[in-house]
Amino acid sequence: MKRRMSSSTLARIAGVGIAGAVAAATALLGAGVASATAIDKTIAYDCDIPIFGTKTLNIEVQVDIPDAGTVNSPIQASDFTAITPIPSDVYDVFTPFGATQADGTAETAADVHLTGNNPPDQSLPINATIPLTPVPNPSGPDMLLPASGSVPAVTPNATGTATVSLSSTITAHVTPRDSAGNPTILGTLDVPCTAVSGADRTLHNVTIT
(Lines of atoms letter the chains of each structure in order from A and count residues from 1; the text may use other names and numbers.)
(Lines give C-alpha, C1' and ligand atoms only; values in the text may rest on other atoms or scores of the structure.)
Protein backbone atom coordinates (compact mmCIF):
# COMPACT_ATOMS: atom_id res chain seq x y z
CA MET A 1 0.00 0.00 0.00
CA LYS A 2 1.45 3.35 -1.08
CA ARG A 3 1.99 5.83 1.73
CA ARG A 4 0.53 9.27 1.11
CA MET A 5 2.71 12.29 1.87
CA SER A 6 1.39 14.94 4.18
CA SER A 7 0.74 18.44 2.85
CA SER A 8 3.57 19.81 5.02
CA THR A 9 6.05 17.34 3.52
CA LEU A 10 4.97 18.23 -0.01
CA ALA A 11 5.37 21.91 0.80
CA ARG A 12 8.92 21.35 2.06
CA ILE A 13 9.87 19.40 -1.06
CA ALA A 14 8.37 22.05 -3.32
CA GLY A 15 10.20 24.77 -1.43
CA VAL A 16 13.53 22.97 -1.82
CA GLY A 17 12.89 22.49 -5.54
CA ILE A 18 12.02 26.13 -6.12
CA ALA A 19 15.04 27.33 -4.14
CA GLY A 20 17.31 25.05 -6.15
CA ALA A 21 15.89 26.27 -9.44
CA VAL A 22 16.33 29.89 -8.43
CA ALA A 23 19.92 29.25 -7.34
CA ALA A 24 20.74 27.50 -10.60
CA ALA A 25 19.20 30.28 -12.68
CA THR A 26 21.07 32.91 -10.70
CA ALA A 27 24.36 31.08 -11.22
CA LEU A 28 23.77 30.79 -14.96
CA LEU A 29 22.84 34.45 -15.33
CA GLY A 30 25.68 35.63 -13.14
CA ALA A 31 28.21 33.65 -15.14
CA GLY A 32 27.43 35.71 -18.24
CA VAL A 33 27.67 39.13 -16.61
CA ALA A 34 31.11 40.74 -16.63
CA SER A 35 32.14 42.92 -13.73
CA ALA A 36 32.52 46.64 -14.40
CA THR A 37 34.16 49.58 -12.68
CA ALA A 38 32.25 52.80 -12.04
CA ILE A 39 34.63 55.51 -13.23
CA ASP A 40 34.42 59.01 -11.76
CA LYS A 41 37.26 61.19 -13.01
CA THR A 42 37.82 64.92 -13.48
CA ILE A 43 39.71 66.13 -16.57
CA ALA A 44 40.65 69.75 -17.28
CA TYR A 45 39.65 71.24 -20.65
CA ASP A 46 40.24 74.69 -22.12
CA CYS A 47 36.90 75.84 -23.53
CA ASP A 48 36.40 78.69 -26.01
CA ILE A 49 33.18 80.32 -24.79
CA PRO A 50 31.48 82.87 -27.08
CA ILE A 51 31.35 86.43 -25.69
CA PHE A 52 33.34 85.37 -22.61
CA GLY A 53 36.57 83.94 -24.03
CA THR A 54 38.70 80.94 -23.01
CA LYS A 55 38.09 79.28 -19.65
CA THR A 56 39.60 76.15 -18.11
CA LEU A 57 36.78 73.90 -16.92
CA ASN A 58 37.21 70.76 -14.82
CA ILE A 59 34.83 68.28 -16.44
CA GLU A 60 33.73 65.32 -14.31
CA VAL A 61 33.40 62.10 -16.31
CA GLN A 62 31.21 59.28 -15.01
CA VAL A 63 30.94 55.97 -16.87
CA ASP A 64 30.78 52.23 -16.17
CA ILE A 65 33.44 50.23 -18.05
CA PRO A 66 33.84 46.41 -18.02
CA ASP A 67 36.97 45.07 -16.32
CA ALA A 68 37.48 42.24 -18.82
CA GLY A 69 36.37 40.97 -22.20
CA THR A 70 36.96 38.16 -24.68
CA VAL A 71 38.16 38.10 -28.27
CA ASN A 72 35.41 38.57 -30.88
CA SER A 73 32.85 39.56 -28.24
CA PRO A 74 31.62 43.17 -28.00
CA ILE A 75 32.64 45.28 -25.02
CA GLN A 76 30.44 48.22 -24.14
CA ALA A 77 30.65 51.00 -21.59
CA SER A 78 27.41 52.33 -20.10
CA ASP A 79 25.89 55.20 -18.14
CA PHE A 80 28.13 57.90 -19.64
CA THR A 81 27.74 61.40 -18.23
CA ALA A 82 30.08 64.39 -18.42
CA ILE A 83 29.31 67.12 -15.88
CA THR A 84 30.67 70.57 -16.69
CA PRO A 85 30.75 73.16 -13.88
CA ILE A 86 30.06 76.65 -15.27
CA PRO A 87 31.35 79.26 -12.79
CA SER A 88 29.40 82.43 -12.03
CA ASP A 89 31.81 84.71 -13.90
CA VAL A 90 30.84 82.84 -17.08
CA TYR A 91 27.06 82.56 -16.72
CA ASP A 92 26.81 86.14 -15.42
CA VAL A 93 27.80 87.21 -18.94
CA PHE A 94 24.64 85.64 -20.34
CA THR A 95 22.01 86.57 -17.74
CA PRO A 96 21.74 90.19 -19.01
CA PHE A 97 20.40 88.65 -22.24
CA GLY A 98 17.53 87.10 -20.27
CA ALA A 99 19.09 83.65 -19.82
CA THR A 100 17.64 81.84 -16.80
CA GLN A 101 18.23 78.28 -18.03
CA ALA A 102 20.00 76.38 -20.79
CA ASP A 103 20.03 73.07 -22.61
CA GLY A 104 21.81 71.57 -25.59
CA THR A 105 23.93 68.74 -26.94
CA ALA A 106 27.58 67.71 -26.88
CA GLU A 107 29.89 65.52 -28.94
CA THR A 108 33.03 63.73 -27.89
CA ALA A 109 34.44 60.21 -28.23
CA ALA A 110 35.90 57.31 -26.32
CA ASP A 111 39.37 56.56 -27.68
CA VAL A 112 40.29 52.88 -27.38
CA HIS A 113 43.81 51.50 -27.85
CA LEU A 114 43.85 47.70 -28.11
CA THR A 115 47.29 46.10 -28.02
CA GLY A 116 47.62 43.43 -30.71
CA ASN A 117 44.31 44.41 -32.29
CA ASN A 118 43.84 45.24 -35.98
CA PRO A 119 43.40 48.18 -36.12
CA PRO A 120 44.93 49.01 -32.71
CA ASP A 121 43.19 52.38 -32.30
CA GLN A 122 39.47 53.09 -32.51
CA SER A 123 37.43 56.20 -31.78
CA LEU A 124 33.87 55.59 -30.55
CA PRO A 125 31.63 58.66 -31.07
CA ILE A 126 29.53 59.82 -28.13
CA ASN A 127 26.53 62.06 -28.79
CA ALA A 128 25.20 63.43 -25.52
CA THR A 129 22.17 65.46 -24.48
CA ILE A 130 22.21 68.34 -22.00
CA PRO A 131 18.82 68.63 -20.22
CA LEU A 132 17.23 71.98 -19.40
CA THR A 133 19.26 73.28 -16.45
CA PRO A 134 18.50 76.41 -14.39
CA VAL A 135 21.03 79.20 -14.00
CA PRO A 136 21.76 79.67 -10.26
CA ASN A 137 19.86 82.60 -8.80
CA PRO A 138 21.28 84.39 -6.94
CA SER A 139 24.61 84.15 -8.71
CA GLY A 140 27.40 82.31 -6.94
CA PRO A 141 27.30 78.48 -7.14
CA ASP A 142 28.57 76.68 -10.22
CA MET A 143 25.96 75.86 -12.85
CA LEU A 144 26.35 72.11 -13.38
CA LEU A 145 25.63 71.07 -16.97
CA PRO A 146 25.30 67.26 -17.30
CA ALA A 147 25.66 65.70 -20.76
CA SER A 148 24.56 62.06 -21.00
CA GLY A 149 24.77 59.66 -23.92
CA SER A 150 25.56 56.12 -25.03
CA VAL A 151 28.96 54.69 -25.95
CA PRO A 152 29.16 52.31 -28.94
CA ALA A 153 30.53 48.82 -28.38
CA VAL A 154 33.97 47.75 -29.55
CA THR A 155 34.89 44.18 -30.53
CA PRO A 156 38.53 43.14 -29.99
CA ASN A 157 40.07 40.60 -32.36
CA ALA A 158 43.17 39.82 -30.28
CA THR A 159 44.10 39.24 -26.66
CA GLY A 160 45.79 42.02 -24.73
CA THR A 161 44.74 45.23 -23.00
CA ALA A 162 42.19 47.79 -24.16
CA THR A 163 42.97 51.23 -22.78
CA VAL A 164 39.92 53.50 -22.79
CA SER A 165 40.40 57.29 -22.74
CA LEU A 166 38.14 60.27 -23.25
CA SER A 167 38.81 62.21 -26.43
CA SER A 168 41.05 65.27 -26.28
CA THR A 169 38.16 67.30 -27.70
CA ILE A 170 34.61 67.98 -26.58
CA THR A 171 32.21 70.29 -28.40
CA ALA A 172 29.06 71.54 -26.70
CA HIS A 173 26.13 73.33 -28.34
CA VAL A 174 24.37 75.26 -25.59
CA THR A 175 21.12 77.23 -25.98
CA PRO A 176 20.49 79.86 -23.28
CA ARG A 177 16.74 80.26 -22.68
CA ASP A 178 14.48 82.71 -20.87
CA SER A 179 12.06 81.81 -18.09
CA ALA A 180 9.40 80.85 -20.64
CA GLY A 181 11.76 78.40 -22.32
CA ASN A 182 12.37 80.51 -25.41
CA PRO A 183 15.89 80.87 -26.84
CA THR A 184 17.49 84.23 -26.11
CA ILE A 185 18.86 86.47 -28.87
CA LEU A 186 22.16 84.64 -28.39
CA GLY A 187 20.77 81.57 -30.14
CA THR A 188 22.79 78.38 -29.78
CA LEU A 189 26.41 78.80 -28.68
CA ASP A 190 29.09 76.44 -29.98
CA VAL A 191 31.68 75.75 -27.28
CA PRO A 192 34.74 73.78 -28.45
CA CYS A 193 36.93 72.39 -25.67
CA THR A 194 40.42 70.88 -25.80
CA ALA A 195 42.09 68.92 -22.99
CA VAL A 196 44.85 70.91 -21.30
CA SER A 197 48.38 69.85 -22.11
CA GLY A 198 49.46 66.84 -20.06
CA ALA A 199 45.95 66.00 -18.82
CA ASP A 200 45.49 62.31 -17.99
CA ARG A 201 42.45 61.26 -20.01
CA THR A 202 42.75 57.52 -19.32
CA LEU A 203 39.54 56.10 -17.88
CA HIS A 204 40.15 52.35 -17.56
CA ASN A 205 42.16 49.34 -18.76
CA VAL A 206 40.20 46.29 -19.93
CA THR A 207 41.87 42.87 -20.00
CA ILE A 208 41.09 40.92 -23.19
CA THR A 209 41.44 37.12 -23.15
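My numbering numbers the first residue of the sequence shown as 242 and each following residue consecutively.
We treat Cβ as the ideally placed atom computed from N, Cα and C, and that holds for glycine.
Rounded to whole angstroms, the Cβ separation of residue 326 and residue 385 is 6 angstroms, and the two are in contact under 8 angstroms.
Excluding five sequence positions before and after residue 285, the CB atoms of its chain that fall closer than 8 angstroms to its own CB belong to 297, 298, 299, 300, 436, 437 and 440, given in chain order. Here residue 385 is bridged, per DSSP, to 326. Two segments are said to touch when three or more pairs of C-beta atoms, one from each, lie closer than 8 angstroms; by this definition the segment 350-362 touches the segment 386-401.
Residue 292 counts as exposed, since fewer than 16 other C-beta atoms from the protein chains shown sit within 10 angstroms of its C-beta.
At a Cβ-Cβ threshold of 8 angstroms, residue 434 and residue 333 do not count as neighbours.
For residue 414, the CB contacts under 6 angstroms within the same chain, skipping 5 residues up- and downstream, are 345, 346, 429 and 431 in chain order. Two segments are said to touch when three or more pairs of C-beta atoms, one from each, lie closer than 8 angstroms; by this definition the segment 317-325 does not touch the segment 336-345. For the set 317, 410 and 342, the Cα lying nearest the Cα of residue 309 is the one of 317. A check of alpha carbon separations from residue 364 across 307, 410, 340 and 341 identifies 410 as the nearest.
Rounded to the nearest whole angstrom, the C-alpha separation of residue 371 and residue 389 is 7 angstroms. The Cβ atoms of residue 302 and residue 280 sit closer than 8 angstroms to each other.
Rounded to the nearest angstrom, the gap between the Cα atoms of residue 394 and residue 295 is 34 angstroms.
Under the 10 Å beta carbon count, residue 449 is surrounded by 16 or more other beta carbons and is classified as buried. For residue 321, the three-state secondary structure derived from DSSP is strand.
A distance below 6 angstroms between beta-carbons, with the five flanking residues on each side excluded, links residue 369 to the following residues of its chain, in chain order: 347, 388, 389 and 390. The three-state reading of DSSP puts residue 307 in strand, counting E and B together. For residue 447, the pairing in a beta bridge is given by DSSP as 403. For the options 380, 417, 328 and 404, the alpha carbon positioned closest to that of residue 445 is the one of 404.
Residue range 430-436 is occupied by the beta strand (DSSP E) that includes residue 433. For residue 374, the CB contacts under 8 angstroms within the same chain, skipping 5 residues up- and downstream, are 342, 343, 344, 384, 385, 386 and 387 in chain order.
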